[in-house]
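K.L.:
One point on numbering: in numbering that gives the first Met the number 0, the residue at position 137 of the sequence shown is 136, and numbering is uninterrupted. Each residue gets a CB set at the ideal place from its N, CA and C atoms; glycine is no exception. Because the structure is a prediction, the values reported are computed rather than measured. Below: one structure in structure tokens.
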Amino acid sequence: MKLAKRFHGKSVGLDELGDQLASVDIIISSTGATSLILHKKDVASVMRKRRNQPLFFIDIAVPRDLDPAINDLDNVYLYDIDDLNNVVEMNREQRDQEAIKARRIVEEETVKFTRWLSSMELRPTIVELRKTADAICRAELAKTLPRLNSITEKEQQSIERMTNAIIGKILHHPLQYLKHDHPCSDQEQRIATIRQLFKLDEESNSSDDDH
Numbered sequence: 000m001k002l003a004k005r006f007h008g009k010s011v012g013l014d015e016l017g018d019q020l021a022s023v024d025i026i027i028s029s030t031g032a033t034s035l036i037l038h039k040k041d042v043a044s045v046m047r048k049r050r051n052q053p054l055f056f057i058d059i060a061v062p063r064d065l066d067p068a069i070n071d072l073d074n075v076y077l078y079d080i081d082d083l084n085n086v087v088e089m090n091r092e093q094r095d096q097e098a099i100k101a102r103r104i105v106e107e108e109t110v111k112f113t114r115w116l117s118s119m120e121l122r123p124t125i126v127e128l129r130k131t132a133d134a135i136c137r138a139e140l141a142k143t144l145p146r147l148n149s150i151t152e153k154e155q156q157s158i159e160r161m162t163n164a165i166i167g168k169i170l171h172h173p174l175q176y177l178k179h180d181h182p183c184s185d186q187e188q189r190i191a192t193i194r195q196l197f198k199l200d201e202e203s204n205s206s207d208d209d210h
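Right, dumping it as structure tokens:
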């Protein structure tokens, strides 16, 4: 009675249970009774009064309070401890599946981020390598083209395109070496190797001195 008063409810005795079923939609049962307190026939008579409007029972008592046969009636739904445990287990399995999906997404995004970070670390060396090659190309063209007095502008452009293509082919393998993992060296070692091989640090220092 105190609990009913606290939540503005109404307390009734078990002897009034049958009459109360006609005016409620959900019944949660958890008594200390040693035998069933509600049978199929009791609910069947109530359903006629309710005009078969749905009625839900949740039996969390151990031992059970409600007759399992109640669930055989039309528009009557009885759930017990086992049903609730099954729901919990099903939800747990769903959460586990979602967790697997989430881990897969995290792993994929981690790989993407690692690749992006790796490309950012490589970028300065790649840019300097291409600038160095381009500077060599332009310097050689500047020395050679003036000596070829008889060539047309179109032929000059063809020579420039050819030298650019040659530079691209020369740089192809060094760039692939930088970008791809190798079992014998990490990325830092590969960067150092390329910078030393093409004297990029010397080029950078000479450029700084010019400024």
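1) Going by DSSP, which residues form a beta bridge with F55?
2) Among N163, N148, E201, E120, which has the Cα closest to the Cα of Q188?
3) Whole-angstrom Cβ separation of L140 and E127, contact assumed at under 8 Å?
4) Roughly how many angstroms separate the alpha carbons of E15 and I80, rounded to a whole number?
5) Determine whether the beta carbon atoms of L65 and L35 lie at a separation below 8 Å.
6) Comparing C-alpha positions only, which one of R63, I193, K9, K153 sits nearest to A32?
7) Count the other C-beta atoms from every protein chain shown that fall within 10 angstroms of the C-beta of I193, then say buried if there are 16 or more, exposed otherwise.
8) Would you tell me roughly how many angstroms separate the C-alpha atoms of V24 and L13, rounded to the nearest one?
9) Starting from the C-beta of F197, find all residues in its chain whose C-beta is less than 7 Å away, skip the five residues before and the five after it, and write them out in chain order.
10) Answer with yes or no whether the minimum CB distance from D58 to chain D is below 8 Å.
11) Short of 8 Å in beta carbon distance, which residues of its chain neighbour A60, apart from the five on each side in sequence? Order them along the chain.
12) For V87, does the count of other Cβ atoms within 10 angstroms reach 16, so buried, or fall short, so exposed?
13) So, is T143 buried or exposed, given that buried needs 16 or more other C-beta atoms within 10 angstroms?
14) When burial is assigned at 16 or more other CB atoms within 10 Å of the CB, is F56 buried or exposed?
15) Grab the span of the alpha helix (DSSP H) containing I169 for me, first residue to last.
16) If contact is defined by three or more beta carbon pairs under 8 Å, each pair taking one atom from either stretch, is the stretch 67–84 in contact with the stretch 36–43?
17) Let me know if T124 comes out buried or exposed under the rule of 16 or more other beta-carbons within 10 Å of its beta-carbon.
18) In whole angstroms, what separates the C-alpha of L37 from that of N70?
19) Taking only three categories from DSSP, how would you classify L147?
20) If you run the structure through DSSP and keep just helix, strand and coil, what is L16?
21) Under three-state DSSP, which class holds L83?
P.N.:
Working from what's here:
1) Within the sequence shown, residue 55 is the residue found at index 56, counting from 1. In the DSSP output, where bridge partners are listed per residue, F55 has I25, Y76.
2) Position 189 of the sequence shown, counting from 1, holds the residue named residue 188. Distances from the alpha-carbon of Q188 to those of N163, N148, E201, E120 put E120 closest.
3) Indexing the sequence shown from 1 puts residue 140 at position 141. Indexing the sequence shown from 1 puts residue 127 at position 128. Incorrect: roughly 20 Å between the Cβ atoms, too far for contact.
4) The residue given as residue 15 occupies position 16 in the sequence shown. The residue given as residue 80 occupies position 81 in the sequence shown. Cα to Cα, the separation comes out at about 25 Å.
5) To locate residue 65, count along the sequence shown from 1; it is residue 66. To locate residue 35, count along the sequence shown from 1; it is residue 36. Taking 8 Å as the Cβ cut-off, L65 and L35 qualify as a contacting pair.
6) Taking the first residue of the sequence shown as 1, we reach residue 32 at position 33. The shortest C-alpha separation from A32 is found at R63.
7) Numbered from its first residue, the sequence shown carries residue 193 at position 194. So I193 ends up on the buried side.
8) By one-based count along the sequence shown, residue 24 stands at place 25. By one-based count along the sequence shown, residue 13 stands at place 14. Looking at the sequence itself, residue 24 is Asp, so the reference to Val does not match. The straight-line gap from Cα to Cα measures roughly 17 Å.
9) Working through the sequence shown from its first residue, we reach residue 197 at position 198. Excluding sequence neighbours, F197 sits near L128, T131.
10) The chain labelled as chain D is not found in the depicted structure, where only one protein chain is given.
11) Mapped onto the sequence shown, residue 60 falls at position 61. Counting only Cβ-Cβ distances below 8 Å, and skipping sequence neighbours, we find S28, S29, T30, G31, A32.
12) Position 88 of the sequence shown holds residue 87. It counts as exposed.
13) In the sequence shown, the residue the question calls residue 143 occupies position 144. So T143 counts as exposed.
14) Taking the first residue of the sequence shown as 1, we reach residue 56 at position 57. Here F56 is buried. Its C-beta has 16 or more other C-beta atoms within 10 Å.
15) For the purposes of this step, residue 169 is taken as the residue at position 170 of the sequence shown. It spans 152–178 - the alpha helix (DSSP H) in which I169 sits, taken as one unbroken run.
16) Between the stretch 36–43 and the stretch 67–84, the count of Cβ pairs shorter than 8 Å is three or higher; the stretches touch.
17) Mapped onto the sequence shown, residue 124 falls at position 125. Residue burial is scored here from C-beta neighbours: T124 has at least 16 other C-beta atoms within 10 angstroms and is therefore classed as buried.
18) By one-based count along the sequence shown, residue 37 stands at place 38. By one-based count along the sequence shown, residue 70 stands at place 71. Counting only the Cα atoms, N70 lies some 12 Å from L37.
19) Working through the sequence shown from its first residue, we reach residue 147 at position 148. L147: coil per DSSP, three-state reduction.
20) Here the question's residue 16 lines up with position 17 in the sequence shown. Of the three classes helix, strand and coil, the one that applies to L16 here is helix, per DSSP.
21) On the sequence shown, residue 83 is found 84 positions in, with the first residue counted as 1. In the three-state DSSP reduction, L83 falls in the helix class (H, G or I).
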